[in-house]
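Everything below concerns the one structure shown next.
Number of protein chains: 2
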Amino acid sequence: MGLTIALDAMGGDGAPDIVVRGADLARTRSPDAAFLFYGDQARIAPLVDHYPKLKAVSQIHHTDVVVSGEDKPSMALRKGRGSSMGLAIDAVKRGEAEGVVSAGNTGALMAMAKLALRTLPGITRPAIATVLPTAVSECVMLDLGANIQCDDRNLVEFAIMGEVFARTALGLPKPSIGLLNVGEEDLKGHEAIRQAAATLRDIDLPIEFQGFVEGDAVWAGAADVVVTDGFTGNVALKTAEGIAKMYSGFMRSAFRSSLSARLGYLLSRSAINKVRVKVDPRRYNGAMLLGLNGVVIKSHGGTDSFGFANAIGVAIDMIKAKFNDQITAEFDRLGSFGAPMPKVASS
Amino acid sequence: MGLTIALDAMGGDGAPDIVVRGADLARTRSPDAAFLFYGDQARIAPLVDHYPKLKAVSQIHHTDVVVSGEDKPSMALRKGRGSSMGLAIDAVKRGEAEGVVSAGNTGALMAMAKLALRTLPGITRPAIATVLPTAVSECVMLDLGANIQCDDRNLVEFAIMGEVFARTALGLPKPSIGLLNVGEEDLKGHEAIRQAAATLRDIDLPIEFQGFVEGDAVWAGAADVVVTDGFTGNVALKTAEGIAKMYSGFMRSAFRSSLSARLGYLLSRSAINKVRVKVDPRRYNGAMLLGLNGVVIKSHGGTDSFGFANAIGVAIDMIKAKFNDQITAEFDRLGSFGAPMPKVASS
Chain D
0 MGLTIALDAM
10 GGDGAPDIVV
20 RGADLARTRS
30 PDAAFLFYGD
40 QARIAPLVDH
50 YPKLKAVSQI
60 HHTDVVVSGE
70 DKPSMALRKG
80 RGSSMGLAID
90 AVKRGEAEGV
100 VSAGNTGALM
110 AMAKLALRTL
120 PGITRPAIAT
130 VLPTAVSECV
140 MLDLGANIQC
150 DDRNLVEFAI
160 MGEVFARTAL
170 GLPKPSIGLL
180 NVGEEDLKGH
190 EAIRQAAATL
200 RDIDLPIEFQ
210 GFVEGDAVWA
220 GAADVVVTDG
230 FTGNVALKTA
240 EGIAKMYSGF
250 MRSAFRSSLS
260 ARLGYLLSRS
270 AINKVRVKVD
280 PRRYNGAMLL
290 GLNGVVIKSH
300 GGTDSFGFAN
310 AIGVAIDMIK
320 AKFNDQITAE
330 FDRLGSFGAP
340 MPKVASS
Chain Y
0 MGLTIALDAM
10 GGDGAPDIVV
20 RGADLARTRS
30 PDAAFLFYGD
40 QARIAPLVDH
50 YPKLKAVSQI
60 HHTDVVVSGE
70 DKPSMALRKG
80 RGSSMGLAID
90 AVKRGEAEGV
100 VSAGNTGALM
110 AMAKLALRTL
120 PGITRPAIAT
130 VLPTAVSECV
140 MLDLGANIQC
150 DDRNLVEFAI
160 MGEVFARTAL
170 GLPKPSIGLL
180 NVGEEDLKGH
190 EAIRQAAATL
200 RDIDLPIEFQ
210 GFVEGDAVWA
220 GAADVVVTDG
230 FTGNVALKTA
240 EGIAKMYSGF
250 MRSAFRSSLS
260 ARLGYLLSRS
270 AINKVRVKVD
280 PRRYNGAMLL
290 GLNGVVIKSH
300 GGTDSFGFAN
310 AIGVAIDMIK
320 AKFNDQITAE
330 FDRLGSFGAP
340 MPKVASS
């Protein structure tokens, strides 16, 4: 028996087309996967018909309700469980699917998934994580926006979840953990981050805590897991995207600026394309909502079928690695690392 | 009568050489400038002797005391005013110089400058600002690390200071202001940033408040002035540096990866060099410590004489634009925009 992925077929700019084509691509990579599509049957069915092998492992469940990109999480919760996103999450809740992938609204996905699936034992707040390229390899960064303000306990939980992800899903034997800060010295940063560092230094788990890492060191590969609050993580991730886009734009203009540069581009194109592939955001598509009682993956809303297939691949990797069992085992082993802290407001 | 710049001749990795050579380069660009060097006379004098025109407009004041890169601000304050950094700041305090430039320890420079020069009327906290390249032009970003936690009043003050800088020193007629946030919608972010946005929307100044800008939009040129707390600003700036470095590294390897790519590089080199010049960190060297009763500029510690000359150029631009008079006028005009908020801990 293979594994089953529930798909919000209506989420994202290119839905349902890229969802169906992405699923077929994911199926070629993971032939044991089966799919449950949730959304507009009249639009999904003809697309699935194009891919007989996909059709053989797919079921379509109809709904007219769609959570839009503009809906606030509160509105999404009201439209709720009848939507393509809500039904896909419910499939995981009922055990009919092992994971869910949606390219819809992130806030809505997190709110509905939290309500339906609940957090894993020991986890106060789920976090959004993603894998990113560095100069030497890759790193996992979290939180990327689920928790605007974080206390030290949240940060420690993110560190443990990130560590387990890097070990199980990325296969790193002993991933190093860094806390994103404005300097490396112990006294740098605010109270929550300094207290989180103190806890991670003393914690009763065989983790490799590196201490603080700065914004530039992340991309030099200073740590396998980079932990931060959701506000800073979101700004850092989007800054990285923005700078990458600015540079590619400058280079594109440069290569068009003279005949000699055009010729130079033609000669170096295959080498430059390797760089493009290395940092292709579609390769890194698929943000993990970690800490939930089920595998939930958010695809970028503007990705194509290649990117969506990668998001499905992330779900499959996490399921195969039994990520959530490992997290639970880690927190069991840890017991309580200090009394729960007072909660601060979430976004 | 020209203007006089006090120089911490002992701050930074290449001191005092790059300081003296940077001053000579700045002098060629601003022939009305004079310089006061503070530091080891025996090392500075022979260097200045190499540049007769610089020598004619320079004075050297000896001290053996240097604030090191590792000194904490508290230690720097103790070593204090006898150091090359402290004496250079004091020259501004006593009115012997209009501005000071140091490539030494940022925390020490801010702490000593705050103590000696005090903040301008209306300013609760000084901020570190810098000019950065965007896809379409340039922007000013602040705070970059002076204030780890900020309330709404701090953010509003940063916005006004940044606006005045962009208008006076950069010459933008009506600079737009954006608050860095995790989304553009009103409800995004934390309380301080939402309250700052509300104040900036209502404020009795003819400023162009754009609302919230996201981390990627900054580099597309979404706002002329980007306002954020020092923690987020520091991470964003260093992330930008780190990604830029990662990309240049990838491109360098790509151009070396085959004979055809090497040839391609040779043909496109002059176009690529234009990109390099456009984003050259030395061109953007010179972070402004805004909100102090005097012009204080921090040069990158690892820059060369070209970069140091640019930092001196920033000081000269701010002095000529009468930046501090403008700030004071703006805050006078504004009166008090709400009762002072309770202070939160600074770094």
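Those protein sequences? They're chains D and Y, same order as listed. Taken in order, the first sequence gives residues 0 to 346; the numbers are from numbering that gives the first Met the number 0. Taken in order, the second sequence gives residues 0 to 346; the numbers are from numbering that gives the first Met the number 0. Beta carbons are placed, not taken as given, at the ideal position from N, Cα and C, and that holds for glycine.
* Taking only beta-carbon atoms, is Met74 (chain Y) less than 8 Å away from chain C? -> This model lacks chain C altogether, as its protein chains are D and Y.
* So, helix, strand or coil for Ser101 (chain D), using DSSP? -> The residue given as residue 101 (chain D) occupies position 102 in the first sequence. Reduced to three states, the DSSP call for Ser101 (chain D) is strand.
* On a CA-only basis, which of Y:Pro125, Y:Ala134, Y:Ala158 and Y:Ile159 is nearest Ile147 (chain Y)? Give me that one, please. => For this step, residue 147 (chain Y) is matched to residue 148 along the second sequence. Nearest of Y:Pro125, Y:Ala134, Y:Ala158 and Y:Ile159 to Ile147 (chain Y), Cα basis: Y:Pro125.
* Where does Val151 (chain Y) land, buried or exposed, given buried means 16+ other C-beta within 10 angstroms? -> The residue labelled residue 151 (chain Y) in the question sits at position 152 within the second sequence. The question names Val, but residue 151 (chain Y) is Asp in the sequence shown. Flag for Asp151 (chain Y) reads buried.
* Does Gly81 (chain D) have its Cβ less than 8 Å from a Cβ in chain Y? -> On the first sequence, position 82 is the one that residue 81 (chain D) refers to. Not closer than 8 Å to any Cβ of chain Y, the Cβ of Gly81 (chain D) fails to qualify, so no.
* To do: Run the CB neighbour count on Arg28 (chain Y), radius 10 Å, all protein chains shown included, and call it buried at 16 or more, exposed below.
  => Here residue 28 (chain Y) refers to the residue found at position 29 of the second sequence. Exposed, by the Cβ-count rule.
* Under 8 Å between C-beta atoms, does Lys273 (chain Y) make it to chain D? -> Walking along the second sequence from the start, residue 273 (chain Y) turns up at place 274. With 8 Å as the cut-off, Lys273 (chain Y) counts as an interface residue toward chain D.
* Asked: In this structure, does DSSP put Tyr50 (chain Y) in helix, strand or coil?
  -> Looking up residue 50 (chain Y) in the second sequence gives position 51. Here Tyr50 (chain Y) sits in coil by DSSP.
* To do: May I ask you to list, following chain order, the residues of the stretch 306 to 329 of chain Y that have a beta carbon less than 9 Å from some beta carbon of chain D?
  => none
* **Beta carbon proximity, Tyr283 (chain D) to chain Y, threshold 8 Å** => Mapped onto the first sequence, residue 283 (chain D) falls at position 284. With 8 Å as the cut-off, Tyr283 (chain D) does not count as an interface residue toward chain Y.
* Kindly indicate which three-state DSSP category Lys297 (chain Y) falls into: helix, strand or coil? => If you number the second sequence from 1, residue 297 (chain Y) lands on position 298. In the structure shown, Lys297 (chain Y) sits in a strand (DSSP, three-state: E or B).
* **Residue-chain proximity (Ser259 (chain Y), chain D), Cβ-Cβ < 8 Å** => What you label residue 259 (chain Y) is simply residue 260 of the second sequence in a count that begins at 1. Chain D, which has a Cβ nearer than 8 Å to the Cβ of Ser259 (chain Y), makes this yes.
* Asked: With DSSP run on the structure shown, which of helix, strand or coil describes Ile4 (chain D)?
  -> Here residue 4 (chain D) refers to the residue found at position 5 when the first sequence is read from its first residue. Note: Ile4 (chain D) maps to strand in three-state DSSP.
* Please check if any C-beta of chain D sits within less than 8 Å of the C-beta of His299 (chain Y). => Indexing the second sequence from 1 puts residue 299 (chain Y) at position 300. Chain D contact via Cβ: absent.
* Can you name, in chain order, every residue of its own chain whose Cβ lies under 6 Å from the Cβ of Pro339 (chain D), other than the five neighbours on each side? -> Here residue 339 (chain D) corresponds to residue number 340 of the first sequence, with the count starting at 1. Residue placement at Pro339 (chain D) is poorly supported in this model, since its pLDDT is 45, which falls under 50; the coordinates are not used for a value here.
* Asked: Gly188 (chain Y) by DSSP, collapsed to three states: which one?
  -> Looking up residue 188 (chain Y) in the second sequence gives position 189. Of the three classes helix, strand and coil, the one that applies to Gly188 (chain Y) here is coil, per DSSP.
* To do: Pull up the distance between the alpha-carbon of Ala110 (chain D) and that of Val139 (chain Y), whole angstroms please.
  => By 1-based counting over the first sequence, the position of residue 110 (chain D) is 111. By 1-based counting over the second sequence, the position of residue 139 (chain Y) is 140. Cα to Cα, Ala110 (chain D) sits roughly 36 Å from Val139 (chain Y).
* To do: Could you check what DSSP says for Gly334 (chain Y) in three-state terms: helix, strand or coil?
  => Counted from its first residue, the second sequence places residue 334 (chain Y) at position 335. Looking at Gly334 (chain Y) - three-state DSSP - the assignment turns out to be coil, as it is neither helix nor strand.
* **Pro132 (chain D) (DSSP reduced to helix, strand or coil)** => As a first step, residue 132 (chain D) must be located in the first sequence, where it is residue number 133. Pro132 (chain D) falls in the strand class under three-state DSSP.
* **Counted within 10 angstroms of its Cβ, other Cβ atoms place Asn272 (chain Y) as buried (16 or more) or exposed** => Taking the second sequence and counting its residues from 1, one reaches residue 272 (chain Y) at position 273. Per the 10 Å Cβ criterion, exposed.
* To do: Could you check how far apart the C-beta atoms of Phe36 (chain Y) and Ala75 (chain Y) are, in whole angstroms? I think they sit under 8 Å.
  => Along the second sequence, read from residue 1 onward, the residue named residue 36 (chain Y) stands at position 37. Along the second sequence, read from residue 1 onward, the residue named residue 75 (chain Y) stands at position 76. At roughly 20 Å, the Cβ-Cβ gap does not stay under 8 Å, so Phe36 (chain Y) and Ala75 (chain Y) are not in contact.
* Asked: How many Å lie between Ser298 (chain D) and Leu236 (chain D) at the Cα?
  -> Reading the first sequence from its first residue, position 299 is the one you call residue 298 (chain D). Reading the first sequence from its first residue, position 237 is the one you call residue 236 (chain D). If I take the Cα positions, the gap works out to 15 Å.
* Asked: Is the beta carbon of Ala87 (chain D) sitting closer than 8 Å to the one on Ser101 (chain D)?
  -> For the purposes of this step, residue 87 (chain D) is taken as the residue at position 88 of the first sequence. For the purposes of this step, residue 101 (chain D) is taken as the residue at position 102 of the first sequence. Yes, the pair counts as a contact, with Cβ atoms nearer than the cut-off.
* Asked: Is Pro45 (chain D) near the ligand FAD, in the sense that its beta carbon is under 7 Å from a heavy atom of that ligand?
  -> This structure lacks the ligand FAD; in fact it carries no ligand of any kind.
* Is Val226 (chain D) near Ala308 (chain D), with beta carbons less than 8 Å apart? -> Sequence index remark: in the first sequence, residue 226 (chain D) carries index 227 (1-based). Sequence index remark: in the first sequence, residue 308 (chain D) carries index 309 (1-based). Contact flag unset, no.
* To do: Please determine, among Y:Ala14, Y:Asn104 and Y:Asp228, the residue with the shortest C-alpha to C-alpha distance to Ala191 (chain Y).
  => Within the second sequence, the letter at position 192 stands for residue 191 (chain Y). Comparing Cα positions, the closest option is Y:Asp228.
* To do: Hey, could you find the ends of the beta strand (DSSP E) Ala222 (chain D) is sitting in?
  => Residue 222 (chain D) sits at position 223 when you count from the first residue of the first sequence. First-last for Ala222 (chain D): undefined, no H or E at that position.
* To do: Would you mind stating whether Ala128 (chain D) and Gly98 (chain D) have Cβ atoms separated by less than 8 Å?
  => By one-based count along the first sequence, residue 128 (chain D) stands at place 129. By one-based count along the first sequence, residue 98 (chain D) stands at place 99. Contact: no.
* Any C-beta of chain D sitting closer than 8 Å to the C-beta of Gly10 (chain Y)? -> Counting from one through the second sequence, the residue named residue 10 (chain Y) turns up at place 11. Cβ-Cβ to chain D under 8 Å: no for Gly10 (chain Y).
* Asked: DSSP state of Ala25 (chain Y), grouped into three classes?
  -> Residue mapping note: residue 25 (chain Y) aligns to position 26 of the second sequence, counting from 1. Note: Ala25 (chain Y) maps to helix in three-state DSSP.
* Buried or exposed by the 16-neighbour rule on C-beta atoms within 10 Å, applied to Ala41 (chain D) -> The count along the first sequence starts at 1 and reaches residue 41 (chain D) at position 42. Classification for Ala41 (chain D): exposed.
* Asked: Can you list the residues of chain D that Met140 (chain Y) reaches, using a CB-CB cut of under 9 Å?
  -> Numbered from its first residue, the second sequence carries residue 140 (chain Y) at position 141. Here the premise fails: no neighbours, minimum Cβ distance about 11 Å.
* Assuming Val155 (chain D) contacts Leu199 (chain D) under a Cβ cut-off of 8 Å, what Cβ separation, rounded to an integer in Å, is found between them? -> Within the first sequence, residue 155 (chain D) is the residue found at index 156, counting from 1. Within the first sequence, residue 199 (chain D) is the residue found at index 200, counting from 1. Correct: roughly 6 Å between the Cβ atoms.
* Taking Pro174 (chain D) as the reference, which of D:Val65, D:Ala221, D:Ile318 and D:Ser269 has the closest Cα? -> Working through the first sequence from its first residue, we reach residue 174 (chain D) at position 175. Among D:Val65, D:Ala221, D:Ile318 and D:Ser269, the Cα nearest to that of Pro174 (chain D) is on D:Ala221.
* Quick one: using the 10 Å Cβ neighbour count with 16 as the cut-off for buried, is Asp223 (chain D) buried or exposed? => Within the first sequence, numbered from 1, the residue matching residue 223 (chain D) stands at position 224. Classification for Asp223 (chain D): buried.
* Asked: Which residue or residues does DSSP assign as beta-bridge partners of Gln58 (chain Y)?
  -> Locating residue 58 (chain Y) in the second sequence gives position 59, counting from the first residue. Per DSSP, Y:Leu35.
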